[in-house]
Amino acid sequence: MIKITKCQICKSNDLSQFLQTKDYFFTDEYFTLSVCNNCNFVFTNPVPDIESIGKYYGTEKYLSHDTNSNGILGNIYKTVRYFNLRGKYSLIKNFKTSGQILDIGCGTGEFLNFMKQKNWETFGIEPEVKAKEFAINNYHLDIFPESKLNEFDKNKFDLITMWHVLEHVYDLNERLGIISDLLKNDGIFINALPIIDSPDAKKFGNYWAGLDVPRHLHHFSYESFSQLANNNGFKVIGSFPMKFDAYYVSYLSHQAKQNSMAFLRGLIDGLISNFTADKRRNYSSMIFVLGKS
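Per the working numbering, residue 664 is the first one in the sequence shown, and the count goes up by one each step.
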């Protein structure tokens, strides 16, 4: 385990315990979250080292990489994914209409395949072998390991996307520095993240499924992510809600609490979360559109 003694955003070492939770998804192990008392950034602490983190993904229950998931949860996930793909493309069209796209953490490739059909030149990064092979074999996509990030030409991409991926990255500043190098000066960087101070996060506390420890190493608010972006030469030019996430995360949170009628209660709490969220700031998950400063 790696003990973190300094905030990655403001570099302060004034940290305190935020809460304790457990991996409800897979191992039932307990983990602690710390908060920076200077900038309020929240992060899992300590975290598994890079060599051991893989075992926390090693389950077919992990839906983002499970291409054969069925049942109520799997079918809901696939339906929502379809509408999310359309929504993502509609959002992107407001900023870029064509060019070269790099999707980091592309999973099984559904988003890149959708963009390929819209005449984008697509590239993907995916460390998980099963997911990468599915994307290559089924969609004939160009998918590479993470090491490829250091091999692409600088200023190559018109659009770089990370859909619920940055919270899994160990060194935030290093990763954003690489992205800045790869992105054209007029390029767009799109990031989707769960939001730690959303209404559903506050309601469920240590049961909130958006914590997803220890896979989620970082837990962002609008303010902490904006500060991280600014520190690395980016500016937030737009932020948008992912409203489906509130329902899905609330459902999973009720499951973690072993509540009856988790699906129905998740729908109700998701609706409440979306209705009470501070517009463009603290929905359950947010999409941030960034440009270079």
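The beta-carbon is built from N, C-alpha and C at its ideal position, and this holds for glycine as well.
| task | For Leu678, write down the residues that DSSP places opposite it in a beta bridge. | result | In DSSP, Leu678 forms a bridge with Cys699.
| task | Report yes or no: do the segment 799-810 and the segment 742-750 share at least 3 C-beta pairs separated by less than 8 Å? | result | Short answer: they don't touch.
| query | In chain order, what residues of the same chain have a beta carbon less than 7 Å from the beta carbon of Gln671, not counting five sequence neighbours either side? | reply | Result list for Gln671: Leu835 and Asn836, in chain order.
| CB-CB length for Phe951 against Asn854, believed under 8 Å | 5 Å
| request: Have a look at Val792, Asp863 and Pro877 and flag the residue whose alpha-carbon is nearest the alpha-carbon of Glu830. | output: Pro877
| message | With three or more C-beta pairs closer than 8 Å as the rule, is the segment 883-890 touching the segment 936-953? | response | Using a C-beta cut-off of 8 Å, the segment 936-953 makes contact with the segment 883-890, since at least three inter-stretch Cβ pairs fall below that distance.
| said: Taking 8 Å as the threshold (C-beta atoms), are Leu682 and Asn922 in contact? | reply: no
| task | Would you mind sorting Thr707 into buried or exposed? The rule is 16 or more other CB atoms within 10 Å of its CB. | result | With 16 or more Cβ atoms within 10 Å of its Cβ, Thr707 is classed as buried.
| Local conformation of Ser902 per DSSP, three classes | strand
| field | Neighbourhood of Lys920 by C-beta, 7 Å cutoff - its chain only, sequence neighbours within 5 removed | value | Tyr870
| query | Hey, how far is the Cα of Asn801 from the Cα of Ala794? | reply | 11 Å
| request: Sort Ser675, Phe688, Gln680 and Phe867 by Cα distance to Asn701 and report the nearest one. | output: Ser675
| Sorted by chain position, which residues of the same chain lie with C-beta nearer than 7 Å to His728's C-beta, five sequence neighbours on each side aside? | Here His728 scores only 46 on pLDDT, less than 50, and its place in the model should not be relied on; the value that follows carries that caveat. Hits under 7 Å: Gly770, Thr771, Glu791, Lys793 and Ala794.
| request: Compare the C-alpha of Gly840 against each of Gly873, Leu891, Phe907 and Lys865 and name the closest. | output: Leu891
| Of the residues Leu845, Arg838, Val698 and His803, which one's Cα is nearest the Cα of Ile764? | The candidate whose alpha carbon is nearest that of Ile764 is Leu845.
| said: With the cut-off set at 8 Å, would you say Tyr911 and Leu930 are in Cβ contact? | reply: no
| task | Starting from Trp871, follow its DSSP beta bridges and name the residues at the other end. | result | Paired residues: none, contrary to the question.
| said: I need the straight-line Cα distance from Thr785 to Ile851, nearest angstrom please. | reply: 15 Å
| task | Below 8 Å on the Cβ atoms is my guess for Ile900 versus Leu953; work out the distance and round it to an integer in Å. | result | 7 Å
| When you compare only the Cα positions, how much space is there between Phe888 and Gln780? | 31 Å
| query | Between the C-alpha atoms of Asp863 and Gly933, what's the straight-line distance to the nearest angstrom? | reply | 7 Å
| message | For Thr760, count the other beta carbons within 10 Å of its own beta carbon; 16 or more makes it buried, fewer makes it exposed. Which is it? | response | exposed
| Proximity below 8 Å, CB of Ser861 to CB of Ser936 | yes
| Is it true that the CB of Ser956 sits closer than 8 Å to the CB of Lys898? | yes
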